[in-house]
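K.L.:
The structure that follows is given in the form of structure tokens.
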Amino acid sequence: MGESDRTSHQAEFQERLQTGDRHREANEMEHARAEYLQALAYAETHLGEESPEVDRACLALASLHSALDEPAEELAALERRVQIRRRKGDVTEIVDALQDVAQCLSDQAKPDEARAAYVEAIALCDESAEGHRAILRSTLLYFGNFLLRGDLPAEALPRFEQGLRLCRQEQPFPAFGAARLLLHRGEALLALRREDEAVPLLEQALPLLCHRSQRPSTAVGKLSYYLANHYQRLGRFTEADRAYATATLQTATGEKPNFHNLAYILQAWGANDLKQQRTDRAVRHLRRGIKAALRAHAPHDADVLSIQQDLVNLYIPAKRYAEAETVLTEMVASCQHPDFSDGAARERFHNNLGFVQVHLEEFPKAELNLRRALAEPTKDENCFVIKNLGLMYQKMGYIAEAIREYERALPLFEKHHGADHPVAAFIREALAELRQA
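Position in the sequence shown (from 1) plus 694 gives the number in the working numbering.
Rendered as structure tokens:
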């Protein structure tokens, strides 16, 4: 084949591949499949079955099969790339293709086969060969993360350490590659409960990986969150603020925002705000956290209800009863779901809603919710609910009924929470006042 013919065939192949890409971008997957298959067949016929163009067509098809959840076809396309590259004998290209196979096997819940692919890729590399170091370093990073996902941090740790040794041998020094290895080495140390060793690594790695030149990363977001929690425990609230802001940005942006993680970050950030008496900012973060949690979970999920409860716990002491009522009404509706089985939580939601409605003087609504709370037996015999019934009657001016409920509630509080409990003291004061009326 002449050079001009090869150039012409390469141009035709490229046009077919790009047509397939355009169909995929338009979500026209079957049209994309047809174009990719035509590109593959054209490359096999005119450029050779082991040509770089066949390799590229296989990669495009593998990506399409992955998007369409066709695991067998995806794996076959990726394994063909390995076979093509084996015949060429270039170690770095073989290792690169084996990485894709290992990731595919991991995604398909085939950990033993994935491990074997990573081990083979590492064994092909010669650490003393300068040309192998970069691909070996990346393989060690991917293999270490695979081991971390498999809850094998002790096995992952030496992989990251080997990768860092390679970094020190490379010129110029691969700063971002080293930062990623430091980050995940810190993650492995955290999993091994070696926090004192992990934190300095995270503090070194995160500023570089959060640079605007780097793509947002769920891993960076998660480990920024861990670092923020560490600062919060130490009372270093300003540093915690910065770390929570980084964690939020990394987790909320990018191609696939992780709303489950984002909800946890915003909830913790709200707690950090409260420790600085920044109530309004805590409210904003908790509200954002609820929205994020609802993107990842159903309204009756425990993660959603936990953040809503934090918001209620902020509103009630601040006497922001109308805002608390809105949130609690949503929580009460959520706990009616047939899959919700936590009776104690259901009692608490109805009781809290009844309590705020008492203060809003919405007495029929309050009584309905308090009676519903009583239908859920609890270990402390519903003593908070009974106390709130007493409070409701007191505010309504029904003295005899208020005394009756308070007298029921007081011995229950003393029995389950102690005579010195603040609510027990409140009941005694209320009874004294009502008996003198």
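Ideal placement from N, C-alpha and C gives every residue a C-beta, glycine not left out. No experiment lies behind these values; they were computed from the predicted model shown.
Taking 6 Å as the limit between beta carbons, can you name the residues of its chain near P910, skipping five residues before and five after?
P.N.:
The residues are Q944, T947 and G948.
K.L.:
Can you find the residues in the same chain that come closer than 6 Å, C-beta to C-beta, to L1085, ignoring five residues on each side of it along the sequence?
P.N.:
Only V1052 meet the Cβ criterion.
K.L.:
I need the DSSP call for Y1009, collapsed to helix, strand or coil.
P.N.:
Y1009 falls in the helix class under three-state DSSP.
K.L.:
Just the C-alpha distance for E709 and G742, rounded to the nearest angstrom, thanks.
P.N.:
Whole-angstrom Cα-Cα distance: 18 Å.
K.L.:
Going by CA-CA distance only, name the one from L876, S800, A1118 and L799 that's closest to R1102.
P.N.:
The option with the nearest alpha carbon to R1102 is A1118.
K.L.:
Hey, L734 and A720: beta-carbon distance below 7 Å or not?
P.N.:
Not a contact, by the Cβ cut-off of 7 Å.
K.L.:
Which whole-angstrom value describes the C-beta separation of A756 and A771, a residue pair presumed to lie in contact below a C-beta threshold of 8 Å?
P.N.:
The Cβ separation is near 4 Å, so the contact holds.
K.L.:
Going by C-alpha to C-alpha distance, which of S907, V914, A850 and A872 sits closest to L1201?
P.N.:
Outside the shown range of the chain, which is 695 to 1131, sits residue 1201, and nothing can be said about it.
K.L.:
Quick one: what's got a C-beta closer than 7 Å to E768's C-beta in the same chain, skipping five residues either side?
P.N.:
Correct list, in chain order: A756, H759, S760 and C798.
K.L.:
Apply the 10 Å Cβ neighbour rule to S918 and answer buried if 16 or more other Cβ atoms are within range, or exposed otherwise.
P.N.:
Burial call: buried.
K.L.:
With a cut-off of 8 Å on the beta carbons, I'd call Y736 and F707 a contact; round off their distance for me.
P.N.:
That pair is a contact at about 6 Å.
K.L.:
Restricting to Cα atoms, I'd like to know which of Y1015, E1108, E1095 and Q970 is closest to L1128.
P.N.:
With distances taken between Cα atoms, L1128 lies closest to E1095.
K.L.:
With distances taken between CB atoms, is the gap from A791 to R779 smaller than 7 Å?
P.N.:
Against a cut-off of 7 Å, the Cβ pair of R779 and A791 comes out as a contact.
K.L.:
Are there three or more Cβ pairs, one per stretch, closer than 8 Å when the stretch 882-902 is compared with the stretch 926-933?
P.N.:
At 8 Å Cβ cutoff, the stretches do not touch.
K.L.:
For the stretch 1031-1039 against the stretch 1057-1065, are there 3 or more C-beta pairs whose distance is under 8 Å?
P.N.:
Short answer: they don't touch.
K.L.:
Would H991 pass as a contact of L960 if the rule is Cβ separation under 7 Å?
P.N.:
No, the Cβ-Cβ distance between H991 and L960 is not below 7 Å.
K.L.:
Quick test of your reading: H878 and L830, contact by CB under 8 Å. State the CB separation rounded to the nearest angstrom.
P.N.:
Not really, about 16 Å apart at Cβ, beyond 8 Å.
K.L.:
Which residue spans inside the stretch 941-1013 form an unbroken alpha helix (DSSP H) run of at least 4?
P.N.:
The stretch 941-1013 contains these whole alpha helix (DSSP H) runs: 953-969, 973-990 and 996-1009.
K.L.:
Given this structure, state the Cα-to-Cα distance separating Q777 from Q793, to the nearest angstrom.
P.N.:
So the alpha carbons of these two residues sit roughly 13 Å apart.
K.L.:
Is it the case that the Cβ atoms of V789 and L818 are separated by a distance below 7 Å?
P.N.:
The answer is yes: Cβ separation under 7 Å.
K.L.:
Measure the beta-carbon distance from V998 to L1008 and round it to whole angstroms, keeping in mind my assumption that it falls under 8 Å.
P.N.:
Contact flag wrong, Cβ pair sits at about 16 Å.
K.L.:
Count the other CB atoms, across all protein chains shown, that sit within 10 Å of the CB of E1123; report buried if there are 16 or more and exposed otherwise.
P.N.:
Classification for E1123: exposed.
K.L.:
With 16 other CB atoms within 10 Å as the buried threshold, where does M1025 fall?
P.N.:
Buried.
K.L.:
Under 8 Å by Cβ, that's how I've got V1079 and L1064 pegged, so tell me the actual separation to the nearest angstrom.
P.N.:
Yes, they are in contact, since the Cβ atoms of V1079 and L1064 sit about 6 Å apart, within 8 Å.
K.L.:
Reducing DSSP to helix, strand and coil, say where F930 ends up.
P.N.:
Inspection of the sequence shows that residue 930 is occupied by Arg rather than by Phe. In the structure shown, R930 sits in coil (DSSP, three-state: anything other than H, G, I, E or B).
K.L.:
Hey, out of G857, T1023, K985 and V977, whose CA is closest to L1005's CA?
P.N.:
Minimum Cα distance to L1005 is reached at V977.
K.L.:
Whose CA, out of A957, A726 and E747, lies closest to the CA of A705?
P.N.:
The option with the nearest alpha carbon to A705 is E747.
K.L.:
So within the stretch 1053-1089, which uninterrupted alpha helix (DSSP H) runs reach at least 4 residues, ignoring any that extend past its ends?
P.N.:
Taking only runs of at least 4 residues, the alpha helix (DSSP H) segments lying wholly in the stretch 1053-1089 are 1057-1068.
K.L.:
Just mark E1019 as buried or exposed, buried being the case when its beta carbon has 16 or more other beta carbons within 10 Å.
P.N.:
Flag for E1019 reads buried.
K.L.:
Does the Cβ of Q1130 have 16 or more other Cβ atoms within 10 Å, making it buried, or fewer, making it exposed?
P.N.:
So Q1130 counts as exposed.
K.L.:
Check whether the Cβ atoms of F1107 and C1077 lie closer than 7 Å to each other.
P.N.:
Yes, the pair counts as a contact, with Cβ atoms nearer than the cut-off.
K.L.:
Could you tell me the alpha carbon to alpha carbon distance between D995 and L921, rounded to whole angstroms?
P.N.:
Taking the straight line joining both Cα atoms gives about 27 Å.
K.L.:
Note the first and the last residue of the continuous alpha helix (DSSP H) segment covering H878.
P.N.:
Residues A869 to A885.
K.L.:
Which class does D1033 belong to by DSSP, given the choice of helix, strand or coil?
P.N.:
Three-state DSSP puts D1033 in coil, outside helix and strand.
K.L.:
Would you call the CB atoms of G857 and L835 closer than 7 Å?
P.N.:
Yes, Cβ-Cβ distance for G857 and L835 is below 7 Å.
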